[in-house]
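Take a look at the structure set out below.
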Amino acid sequence: MKIANNFSRLGTENAFVVLAKAKKLESEGKEIINLGIGQPDFSTPSHIVEAAKKALDDGYHGYTPANGTKELRDGVSRHIKRMYGAQIDSNRVFIAPGGKPSMYFAIMMFGEPGAEIIYPEPGFPIYESVINYTGAKAIPMYLSEDKNFSFNAEEVLSLINERTRLFIINNPQNPTGGLIEKNEIDKLVEGLRKFPELVIFSDEIYSRQIYDRKKMPSFFYYPELFNRLIIMDGWSKTYAMTGWRLGWSVWPESLIENVTKMAINSYSCVSAANQVAALVALEGSHSFLNDMMNKFEKRRSLIVDGLNSLPGIRCNKPGGAFYVFPNVSKTGMNGDTFSEKCLYDAGVAIVPGTSFGKSCGNFARFSFANSYENIEKALEKIKKIL
Ligand code: PLP
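According to our numbering, the sequence shown holds residues 596 to 981 in order.
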């Protein structure tokens, strides 16, 4: 069998590998606390679940337009207006099965041999994987621990040249929980004026998971970029709906036909009943979100203080999402060995830093999408093995 060569360049998402290892240990009777997981440990709010059930009863069984129903696209447009005050025509809204397809389609649209694409490192592993798959050159934009995983706009701008087609940014970030503040993004946007051909892809999937009463520094605040800006967000993290597979993105008008073709060529459309429920999610009560964030806030303090009290571990306080990305090098182990030891000796599943970029060997990602009690227990168990 001869499969296409570019498959040898396709990567993966190691969090799923860790999950499989943890499940195997559990099936052998071991108790595992899973801090490897990248999804809220809450149930989808019941009014959203009920809306999906009702939609199926009401006969939402068929295909929908490939870019999403008009009702839902209108709803996303209203949501953007409420959140950021931006006026986005719903023809520019694209509904997809999760955030990932929009990311994949954007990279496929701009990546090819000879092109360069800038992506964050540490970063969500799919960016680099798909860039490599297209044959484009993957150019890391390093986010350093000493800048609390933010960047210096001037340094970032120096990575851009005439071959750069796409610039990927994720804020707040996976895996670091880092939040790049608006003043740094202002500087970046100012510098981007010099590169009018460059397209920006802003992954804002954690837009509602921000701490310390800060405002989401969204790219929706920069209308001067709208003709070359793709913004991705979705339902997965905000509404605890990762398994529903529902995401949205906003595209420049000139690209929407292309991305819709990508959908038609692959999955056709998102489940009709899910789209009905997705609108209810956007327009219904959001009180659960306060409850979720209150819980995340308490766990954030617990895990940051707890990790910093362990010998050899240094942990920044994240500004968003539900991850911490401590440096473990002073334990005498690298992130890979440390993560293995945590799993097999302490029964705590975490994801090694190298899953998020070659330069992240000293780090490991802990998710605090687990109960306060389990995080306390996990910290105790790790203390014992150090
Ligand atoms: N972008 C980032 C930064 C993520 O962390 C994730 C999921 O972990 C996604 C996108 C994918 O989201 P979805 O599950 O909606 O495809």
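Glycine included, every Cβ here is placed at the ideal spot set by N, Cα and C.
This one's a predicted model, so the numbers in the text were calculated from it and none came from an experiment.
Which same chain residues, not among the five before or five after residue i, have their C-beta less than 6 Å away from its C-beta?
i: Thr-833; result: Arg-803
i: Trp-984; result: Here the chain has residues from 596 to 981 only, and residue 984 is not among them.
i: Phe-891; result: Phe-917
i: His-642; result: Gly-879
i: Asn-903; result: Cys-910
Taking the continuous beta strand (DSSP E) assigned at residue i, which residues delimit it?
i: Glu-716; result: 711-716
i: Val-612; result: Careful: Val-612 lies outside any beta strand (DSSP E), inside the alpha helix (DSSP H) at 609-622.
i: Pro-735; result: 732-737
Quick one: give me the first and last residue of the alpha helix (DSSP H) that residue i is part of.
i: Gly-901; result: 882-903
i: Leu-667; result: 665-679
i: Val-784; result: 777-787
i: Lys-649; result: 641-652
i: Ile-702; result: 695-705
i: Gln-870; result: 867-878
i: Met-857; result: 851-861
i: Asp-636; result: Where Asp-636 is concerned, there is no enclosing alpha helix (DSSP H), given that its DSSP letter is neither H nor E.
i: Gly-930; result: 930-936
i: Ser-724; result: 720-729
i: Ile-683; result: Run containing Ile-683: none; DSSP gives neither H nor E here.
i: Lys-978; result: 967-980
Rank the options by C-alpha distance to the C-alpha of residue i and give the top, closest one.
i: Asn-727; options: Ala-748, Tyr-816, Phe-790, Phe-705; result: Phe-705
i: Met-857; options: Ser-638, Tyr-699, Leu-787; result: Tyr-699
i: Ser-950; options: Gly-773, Gly-907, Ile-721; result: Ile-721
i: Lys-649; options: Ala-867, Pro-715, Lys-732; result: Ala-867
i: Gly-897; options: Ser-797, Thr-932, Lys-972; result: In the sequence as presented, Gly is not what sits at residue 897; that position holds Leu. Comparing Cα positions, the closest option is Lys-972.
i: Ser-813; options: Lys-978, Pro-791, Phe-790, Ile-775; result: Ile-775
i: Phe-961; options: Ile-628, Ser-603, Thr-607, Glu-623; result: Ile-628
i: Glu-626; options: Lys-978, Lys-925, Asn-969, Val-854; result: Asn-969
i: Phe-602; options: Met-678, Pro-947, Val-725, Ile-795; result: Val-725
i: Tyr-655; options: Val-865, Lys-777, Pro-692; result: Val-865
i: Gly-751; options: Lys-742, Ile-713, Phe-719; result: A small correction: the amino acid at residue 751 is Val; Gly does not occupy that position in the sequence shown. Per the Cα distances, Ile-713.
i: Asp-828; options: Asn-903, Glu-819, Trp-846, Pro-818; result: Trp-846
i: Gly-930; options: Ser-954, Ile-805, Lys-912; result: Ser-954
i: Gly-948; options: Glu-740, Trp-843, Ser-880; result: Glu-740
i: Thr-771; options: Tyr-967, Val-946, Lys-979; result: Val-946
i: Phe-815; options: Ile-805, Ile-826, Ala-701, Leu-874; result: Ile-826
i: Glu-702; options: Glu-723, Glu-716, Ala-691, Asp-684; result: According to the sequence provided, residue 702 is Ile. The question's Glu does not apply to it. Ile-702 has its Cα closest to that of Glu-723, out of Glu-723, Glu-716, Ala-691, Asp-684.
i: Phe-796; options: Tyr-806, Phe-883, Thr-926, Leu-820; result: Leu-820
i: Leu-938; options: Asn-600, Ala-617, Lys-676, Ala-610; result: Ala-617
i: Met-836; options: Phe-611, Ala-647, Glu-623; result: Ala-647
i: Leu-614; options: Glu-975, Gly-657, Gly-942, Leu-974; result: Gly-942
i: Met-888; options: Gly-901, Lys-809, Glu-848; result: Lys-809
i: Asp-807; options: Tyr-679, Trp-843, Gly-914, Val-923; result: Gly-914
Given a threshold of 16 other Cβ atoms within 10 Å of its Cβ, counted over all protein chains shown, does residue i qualify as buried or as exposed?
i: Lys-695; result: buried
i: Ser-753; result: exposed
i: Asp-940; result: exposed
i: Ala-872; result: buried
i: Asp-1004; result: This structure cannot speak to residue 1004, because the chain is shown only from 596 to 981.
i: Thr-659; result: buried
i: Asn-860; result: exposed
i: Pro-921; result: buried
i: Ile-598; result: exposed
i: Asn-766; result: buried
i: Ala-733; result: buried
i: Phe-958; result: buried
i: Thr-1005; result: Within the shown structure, residues of the chain are numbered from 596 to 981, placing residue 1005 beyond reach of any answer.
i: Phe-933; result: buried
i: Glu-984; result: Outside the displayed span of the chain (596 to 981) sits residue 984, for which this structure offers no information.
i: Glu-1021; result: As shown, the chain starts at 596 and ends at 981. That puts residue 1021 outside it, with no answer to give.
i: Pro-692; result: buried
Using DSSP's beta-bridge definition, name the partner residues of residue i.
i: Ile-805; result: Gly-915
i: Ala-944; result: Asn-629
i: Val-688; result: Val-845
i: Asp-828; result: Trp-843
i: Phe-951; result: Looking at the DSSP assignment, Phe-951 forms no beta bridge with any residue, so it has no partner.
i: Asn-567; result: As displayed, the chain neither begins before 596 nor continues past 981, which places residue 567 out of reach and without an answer.
i: Arg-960; result: Val-946
i: Asn-922; result: Arg-909, Phe-958
i: Thr-759; result: Glu-711
i: Ser-745; result: Ser-739
Considering only residues of the same chain and omitting the five flanking positions on each side of residue i, which have a CB-CB separation below 8 Å?
i: Pro-779; result: Inspection of the sequence shows that residue 779 is occupied by Glu rather than by Pro. Cβ within range, chain order: Ser-745, Phe-746, Asn-747, Ala-748.
i: Leu-793; result: Ile-755, Thr-759, Arg-760, Leu-761, Phe-762, Leu-787, Arg-823
i: Ser-685; result: Lys-665, Arg-668, Asp-669, Val-671, Ser-672
i: Thr-607; result: Pro-720, Ser-724
i: Trp-927; result: A quick correction: the sequence has Gly, not Trp, at residue 927. Here the set comprises Gly-907.
Is it the case that the CB of residue i approaches a heavy atom of ligand 2 more closely than 7 Å?
i: Phe-719; result: The model on display carries ligand 1 but not ligand 2.
Using C-beta distances below 7 Å, list every residue in its chain close to residue i, excluding the 5 sequence neighbours before and after it, in chain order.
i: His-674; result: Leu-877
i: Glu-707; result: Thr-729, Gly-730, Ala-731
i: Asp-781; result: none
i: Asn-965; result: Ile-628, Asn-629, Leu-630, Asp-636
i: Gly-853; result: In the sequence as presented, Gly is not what sits at residue 853; that position holds Asn. The answer, listed in chain order, is Met-704.
i: Leu-667; result: Ile-690, Gln-870, Ala-873, Leu-874
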